[in-house]
Structure formats: structure tokens, C-alpha cells
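Student:
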Amino acid sequence: MESFMGSYSNRTNSFFDDQNDSLANISTAMNRSKFLLNEMASNTHTSKASTGLLKTSLLQSKSMLSHSMVQENIEEPKDQQSSIYTQFKIDTNKNIDEDSNLSELLKSYSEICTEQSHFIKEKLQHINANRNRDLYNTISNEYESMEKEKNLWNLIYQMFIDEQETKQHDNDIEADMDIENFEGLSEDALVKNLEKRNPFVRRVKLVIDWLEKNAAQSNYMKSIKDNMSSFAEKCANWEHTLHHLKSSSTFGRKDKISLSGREYVDELDPDAPIRQSKPLHDLDQEDEYKLMEYIFAFIRAGDLNSARDFCLKIGQPWRAATLEGFKLFNDRNYAVNGDFRIQQQHQIYKNEGNLNRDIWRLMVYKLIKDEKFGPYEKAVYAALAGFVTPVIPICKNYTDYVWIYFKALYNQIIEREIRQRIINREFLNDPDDENLFIISGKSSELCSIQIITHIFDRIRILINNSTNIISDNVNNSMKLMDYLKNLILSEQQSGLVLRFSSHLALFYRAASYQIKNDTLIQILDSFSQYLIDNNYKEIIAYYVSNLTPELQVKRYSKFLQTITDNKERMTMLKLAKERNMNVQAITQNIVDNLSKQATVRKDVTQRFDETSLSTTAFISKTADLFAPKTGQILTEEDKIKINAIDWIVYDQSQRLKLLEYANLTMRYFLLERQFFEATKLVFSKIPHDTITVILTHYNYIQQVSTSTIDSNFELIIENLPRHVTNLIKEYLCFKEYIESINLYNDWFDYFHKEKPIKPVSKYESETTHYEQSFAEKMTLDFEMKQYEDLSSRWYSKALLYSEKVKAKFFAVLKFPFGGWMCDVKKIEDLIEQDSESDEETNMEEETMNTEESEMRQVSVSNKKLEIRRRKAQMEELRKIYLPNICFVLLDVLSKMNLNKDLIRLSDLVASENFKLYTLFDNQQLRCLLNKLADSSINLLDSNKDYLGYD
């Protein structure tokens, strides 16, 4: 015995050498979290009945409660839908970012889930399961999923609290009750001391208590308590068998054979059925089976007192006593202090627990090996003694397997501790359970991480799960988060899984646990995308702010693109700014994304090639290009492009970006849509001080006043960057063009709508001639004189309009610095020179860093592509709109009889300085020459030469 105890002591010392390793850092909780997630994610249709896996799946829920309630008048309010997400965000922000109170954070998570669970349960009670079976099942699954999430947060909370307490009392624990051998110390005190100084043992016990608490709150346990009423209180056990025996004695029968031909026991002591190998009455056997099933349920729920009281209630006090056999012996007459001596006291305490616990365990072992006992009876005593094998057939789900294996591990550990420490008593050899060797093995070299791994490997084999519920190396926070990441990325998950994984990741980071940053970002990114897709606007900024700066810009800009209300936009930007996100980069990215949508077709030139049109008809057709089109309306896509300017209009530092996007959008509307009203709308969104702000940024505004920017453009652009110069000039080109078209439309409306109508005598249209009376002649003469006065005033005013139109159109046609829609500086050539220079000067750096070199080349290539596209668009604008402006100006001058200005226009078109003739095709030139020829004839008829001179 002594040699055995010596070898046993060596094994135990080695067993606990590495207990304070990474598992002490919440690894047990993380393994439990993972296997429960797998359990919740398992498909209920493919689960085998023999394994008894959970039928409710966290991942199987079709949607969160907020989406599943909208049926059969069971609609969840919008506030309730988002309340759980909002509350999670509020508590996370408060306890991580403000107070750094992580224990309160985990506690609040559990409380939130509890409140939501109660809400779902109330909804469930108002649903008729028979009439709405699908809805009832859906909400039931939601309820069970919420309960499981609550339980997970409870476990993590308890593990975290235990870890924090361990860190606070490390020094005290090292000096506390770490003794080799002593006499008289109670088993209960030894185990408490073991739990106090060994985190691994303490946390194994914590997981057991957690699993039992969850079982006690389960629906199965509630149904057990409801059905207990079927067992009436009895003063005698096995009443049907007793009645049969009494009946046989009354009738003088010596044999105990029933009417069915079966022989029952003839004694009623507890061991009679086993000793005599005879059955009880059928009804008593049924009651006995239910009794043991209920007792096992109480033990599974950690409620031994209820199991004992139930045995007393039905007349089996002896069985209630047998359930007490596993309790540790405790003699309170010994003081738990440094010398472990008998206390100096007057009162003598009664001993507690079972002093002969080793004998009780041996008897339990013999019981579970005897085939005469039922499965639940074996499971009851095996669970109390910590034997795995008899309990496995009774396990209904994954948590039952974990419970019995952890319970067996805990019992094995405390048995080793008791037999090692107490040397004044001899113990019977502890019986072996083959499954215990799966837990810790016969070797003493296994550490706590390997023990936990072996447990879950064994459970995976038992349930025949081919989905690798627990991988070989998942025993810490890093591995668990990698698993959750792969689970999320493998398939689309519900909001519950994404929310749990994201907040667990945030907690890990705040608690300084080991977790890969890439894993954290991918999980949070998936959750952020879920929030965006489901329109949880108020909390999106918080979670996006935890991503990398690049992802922050990408995700938040994508979210903001869906918002059209300006007030709401400002609110979302304010939230982003409060979370220290780069608001400027976000708004700029929005505009960049919308800029890519504002592309122009390759064949954008729309020319009038109707050769049969007369010159007048051709000019009329051209004029329609500038007239407002009643059939054109702004589409939703158009509104998005136009309103995108609002994102950057408030930030003066982004005015250059605003100008670039506005120019691009106006090119799009003029080329792709020929939509002048949309172009005007874009231009109207550009603040009037944009050029001033840009020039102020480059410190050139001091040289000129804001009112003379157009006239002093040459002075301003001397030292401006190339792209800035060209953007400003393009903006001024649009400005001049839009103002000219507005003036033309004003002239057109006045010329045609305000023109006086010539009075006509009613007798002129009649075939029969009647002589007008004197009064009628006077009236007609008065109306004619009035008409001539109105016509004179109308023509004078129309002439004023036409002079303004003429001046503006000529300003467009003679636009300075290269012409309308021509860059001042050839930016594409300069970029090529800059890129070549950069390649020469940074050749060594590019050789050393190939990736950066490739990125630089891609950037240069994209710039060149954008420049070529812009240049092509501007050339097309010139080809389409400058010839049309000429024809519209021809129409104005012709109708106003300004023939001399027509000749001046022809000189401008033919001028080599502007080369406008290169923009005309043959048909346009033919129409232009015909109109000029008509104007020359009109000049000759008016006694002037063909050039308009007297």
C-alpha cells in the first residue's frame, strides 16, 4: 500500500505541474463555447436519432427574431428588432472604451440576452402551435438560440472572473496549504484547498456547475417537475407487488405466480429483485424506470436535494441514503489552518459526508457491471461516482457528453488528491473505468490542454460526427476565433452568430488575449456588412471604426451611398467623426465610386446626318439640343450622381475634389444624356466661392480679387499645379456655356412668346366684300398703331437679348487659352515625363521592393487612362456643341437681321487661330455656307456689299 501511494504521489505531482498554463486563461470556456456553437450549428435533419444531438440550431435559424416575427399578426416592433443590437453596442462602448470594466461587460451581455429571451417567450405564448406550426417552431428555435447565447456569455463571465481573482491572489495561493501529508484533515477541506490553489481543477468544477445550471433551466427539466405529480405520496414501496403478495396470502396460495404466469418476488427488501432474480409487478417496474429517469434528470441538473426528497416522497428512503454516498467526508472538529490540529473548542461537531467513500465507489462499480440493473439506475450512481461508461447510452445531446466526461475528470482528480494526502487511512483500490483512460491516460505526462483535447476527441467519436466539431489544437482564444472566422466565411450566417462572434472578439482584444488581428478584422467586417445590409444605421459607425483604416473608408462609404436625406447624412458623418474615422477620405471615396459610374459610351458623338434636311430645318434641329426637353426626367441614378456632391461640399479642403467630380458629372450629362437641365443642376451645387477657396489653398488669391478671377485667369495659373489649372479652366468653360444657353433660352422664349400679334380685320378673310364703317376703320387703325408700337418695343428688347446671346456665344467660341474645353497645359505628356523620372531615380528602391513598384506602375497607368478618357470626352464636347452653337447663333442673328454679325461669325469659323472649321462635318459645312450665302444676298439687297459694309 505504501509503495502504491508513493508511486501515486509521483504521478499526481507530475499531473499538476503544468496546470497553470494557457488553459487557465479561459481556455476551458473557449472550448465549451466552440462545442456549443457547433452543436447549435449542426443540421437537425441530418442528426442521427441514436446520437441525440440538439435539434435546435443557432445557425439553422432562418433569420433573427426581427425578421421571423412578421407573420400572422405577430409583428415585432422596429424598436424591438434593433434594440438588442443597439444595447450590445451601448454596453460595449461603455465598458470597453469608457470604463474598461470587462466583467460588467460580460454580465451585461448575458442580461441583454435574458431580456430578449423573455420577450420572445412572451410572443411564443400568444401563438397557437396547432394553427401556426411553422411560425411556432421558428420562434421556438429563436428562443432556444437566445438561451444558448445567454448561457455562453455566463460561462465566459464566470471564467473571466475566476481568472481575474486568480491573478489578484497569486502570491497568497502560492503560500497557502501546499502540504505533503497530514493526519485527520477532512476530505472536503482537502478538495476545497485543491480548488483554491489549482485553477484547472477549479475551472473544471465551474464548467460542471454551469452545465448543471443550464440543464436545470431547460424545458426538459420543467416537464420532469410537471410530471412528478403522477407519483402519489406513498408510505410503502412497490405497492402493486405488495398487493399481489397480500392477495396470494389471503387466498392461501403458496406460490407467488401472477395470473399472467409470471412469478414475482416474495420479499420486498430493496435487494430482493436482484437476489431472487425475480421481477416486480409490471406497474411497479414501470414506476421504477420512471423514477430512475427522474432521479437522473435531477442529478444532471445538479439538484441532489430534489432527487433525495423525491425518493422519500415515494417511499424509498433507503435509495435517498444511497445517493448520499459520494459526499466527501468532513470533520469540522479539525481547524483548517497552518498546523491542522484539533480546535480548542467546547462544542463537538457531527461528522458530515461518507467516511467510507472508497467502499461506496467500489459497490457502485459492481452495480454498473451487473446486467440486472436498469440503464437509468446504473447512470444515476455512475454519474455520482464519476464513471463514464454507463452514462453514455443515456446522453441525449452534446452537453450531456461533456458533463459526464468533465464530472469523471473532476472525480478522478479529487480521488488522487485524497489518496495522496491522507496517510492515516487505508483506501481500497479505486476501480477503473476504461473511459477514464481516454481522459487522462495511464501516463502522468499529460497536461491540462491534452486532457481537454482528449475529452472532446472522445466525444466526437462517440457521436459519430464527421464535421470535426473540435479540431485537434483548439484550446485557446486564438484557435477559437480562427474557427469562428472560418465558420462565418464558409457560409452566410445569422445575425446572432455574427453578433456573438464580433463581441467575443472585441472582448478578447480588450482583455489582451491572443487573437490574430486579421481574424478580428474579418469577423467584425462580416458583422458590419450585416448591419449595413439590415439598415442598423445608428450603430454601424461603432463597429466599422474597429476595422482597419482602409476598410473603414470602404465599408462606411458604401453605407453612406445609400442615404439620400441630407440631415441623416450629416448625422452619420458626425457619428463617424466621433469614432475618429477619416471622414474626408470616406466622403472622397463616395465621390470616387460614383465617378466610376459616370462613364460615357465609346460612340458618344450624335450628329445630324439627314442630308435631305434644308438649312432652316437643320438649324431648327440643332436648336432643339439646347431647348429644355419636357420628356427628360431625372432618374434615381441621376439623382445619386448629382447629390454625391453634397458629401464634399461642406468641407472646404475637398473643394478641388468637388470641382473634379462636378466637371466629370457635367461631361457625363452633356455627352451621355444631352441633358442640359441636369448639367445646370450639377453646376448649381458648386459653391460660388469654390475657385476662391482653391486659390486660397495655393496662396494665389492675394494677387487678384474674387470678382476678377475670369479676367485675370492668365495671371492666376502661372504657378498653379497642372491638374488644378485644367480643372479650373474646365469649370470656367462650363460656366460660360451654361450662362450662354440660359441667355439663349431667355431670348427664345421672349422672341416667340412675347411677339405681338398683328390685328386682322374680320372682313379681309371673307369672300364677300363689305365696306367697313368709319368706326371699324378707326378701331383697326388704332389697333395697328398699337401693334406697331408694341412691335417696336418688342424688337428693341429682343435685340438687347440677342446682343447678350451674341456676346456670350462669341465668348464661348473664342474662349481663351487654347479654346473651349481645351487644357491649358498638356498634362498627359508631363505625367509621362514624371513617371520616367521617378523610374530612373527610384530604380534601386523598385528593385528592392517589387510589390511597391508594381503598385506605383498601376497608379501611373490609371492616371494615364483617366487623362486619356477625359481628353476624349472634352474633344467630343467640342465636336458636338461648338458647331451647334454656331448654328444656333446663325439662327439668332438671322431672325434679328444682324447680317453683318453673320459674316463676322463666318470669319471666326474659318480662322486659323481657333480652327473651328475642323469640328464641322460636310453636312454641317454645307448648311453653314448656305446660310452665309443667304445673309450676303440680304446685305446686297440692302445696298451694302457682301461683307456688310456701306
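For what it's worth, the UniProt record's numbering labels the leading residue of the sequence shown as 1, then goes sequentially.
Ideal Cβ positions, reconstructed from N, Cα and C, are used throughout, including at glycine.
The structure displayed is predicted, hence computed values, not measured ones.
(1) Report, in whole angstroms, the separation of the C-beta atoms of residue 105 and residue 96, which I expect to be a contact under 8 Å.
(2) Can you tell me which of 738, 786, 231 and 530 puts its alpha carbon nearest to the alpha carbon of residue 1023?
(3) Please report the straight-line C-alpha distance between residue 912 and residue 926, rounded to a whole angstrom.
(4) Would DSSP call residue 352 helix, strand or coil?
(5) Buried or exposed: residue 244, going by 16 or more other Cβ atoms within 10 Å of its Cβ?
(6) Is it the case that the Cβ atoms of residue 410 and residue 208 are separated by a distance below 8 Å?
(7) Just mark residue 789 as buried or exposed, buried being the case when its beta carbon has 16 or more other beta carbons within 10 Å.
(8) Could you spell out the range, first to last residue, of the alpha helix (DSSP H) harbouring residue 494?
(9) DSSP state of residue 757, grouped into three classes?
(10) Using only the alpha-carbon positions, how far apart do residue 745 and residue 550 sit?
(11) If we count the other Cβ atoms within 10 Å of its Cβ and call it buried at 16 or more, is residue 364 buried or exposed?
(12) Can you list the alpha helix (DSSP H) stretches of 4 or more residues lying completely in the stretch 661-701, in chain order?
(13) In the DSSP output, what is residue 330 paired with across the bridge?
(14) Is the Cβ-Cβ distance between residue 188 and residue 330 less than 8 Å?
(15) How long is the line joining the alpha carbons of residue 936 and residue 563, rounded to whole angstroms?
(16) Under 8 Å, do residue 738 and residue 680 count as touching if we go by C-beta distance?
(17) What number of angstroms, rounded off, separates the C-alpha of residue 642 from the C-alpha of residue 813?
(18) Report buried or exposed for residue 246, applying the criterion of at least 16 other Cβ atoms within 10 angstroms of its Cβ.
(19) Please name the residue in 529, 533, 535 and 534 whose C-alpha comes closest to that of residue 544.
(20) According to DSSP, is residue 422 part of a helix, a strand, or is it coil?
(21) Going straight from the alpha carbon of residue 414 to that of residue 191, what length do you get?
(22) Chain C beta carbons: is any one of them nearer than 8 Å to that of residue 567?
(23) Taking all protein chains shown into account, decide if residue 76 is buried (16 or more other Cβ within 10 angstroms of its Cβ) or exposed.
(24) Three or more C-beta pairs closer than 8 Å, one from the stretch 691-701 and one from the stretch 646-656: is that the case here?
(25) Taking residue 904 as part of the alpha helix (DSSP H), name the residues at either end of that continuous run.
(26) What is the DSSP secondary structure of residue 371, reduced to helix, strand or coil?
(27) Helix, strand or coil, according to DSSP, for residue 289 in the structure here?
(28) Shortest alpha-carbon distance to residue 527 belongs to which of 565, 510, 509 and 484?
(29) Nearest to residue 888 by CA position, among 938, 800, 743 and 864, is which residue?
(30) What separation, rounded to the nearest whole angstrom, lies between the Cα atoms of residue 687 and residue 922?
(31) At the level of alpha carbons, what is the spacing between residue 203 and residue 162?
(32) Could you tell me whether the Cβ atoms of residue 594 and residue 546 are closer together than 8 Å?
(33) According to DSSP, is residue 824 helix, strand or coil?
(34) I'd like to check one pair, residue 300 with residue 377: are the Cβ atoms closer than 8 Å?
(35) For residue 395, name the three-state secondary structure that DSSP assigns.
(36) Is the beta carbon of residue 289 less than 8 Å from the beta carbon of residue 374?
Tutor: Looking at the coordinates:
(1) 6 Å
(2) The chain is shown from 1 up to 950; residue 1023 falls before or after that span and cannot be answered.
(3) 19 Å
(4) strand
(5) buried
(6) yes
(7) exposed
(8) Where residue 494 is concerned, there is no enclosing alpha helix (DSSP H), given that its DSSP letter is neither H nor E.
(9) coil
(10) 47 Å
(11) buried
(12) 676-684 and 690-697
(13) 352
(14) yes
(15) 59 Å
(16) yes
(17) 28 Å
(18) exposed
(19) 529
(20) strand
(21) 6 Å
(22) The structure shown contains no chain C; it is built from a single protein chain.
(23) Here residue 76 scores only 41 on pLDDT, less than 50, and its place in the model should not be relied on; the value that follows carries that caveat. Buried.
(24) yes
(25) 899-910
(26) coil
(27) helix
(28) 484
(29) 743
(30) 41 Å
(31) 8 Å
(32) no
(33) coil
(34) no
(35) coil
(36) yes
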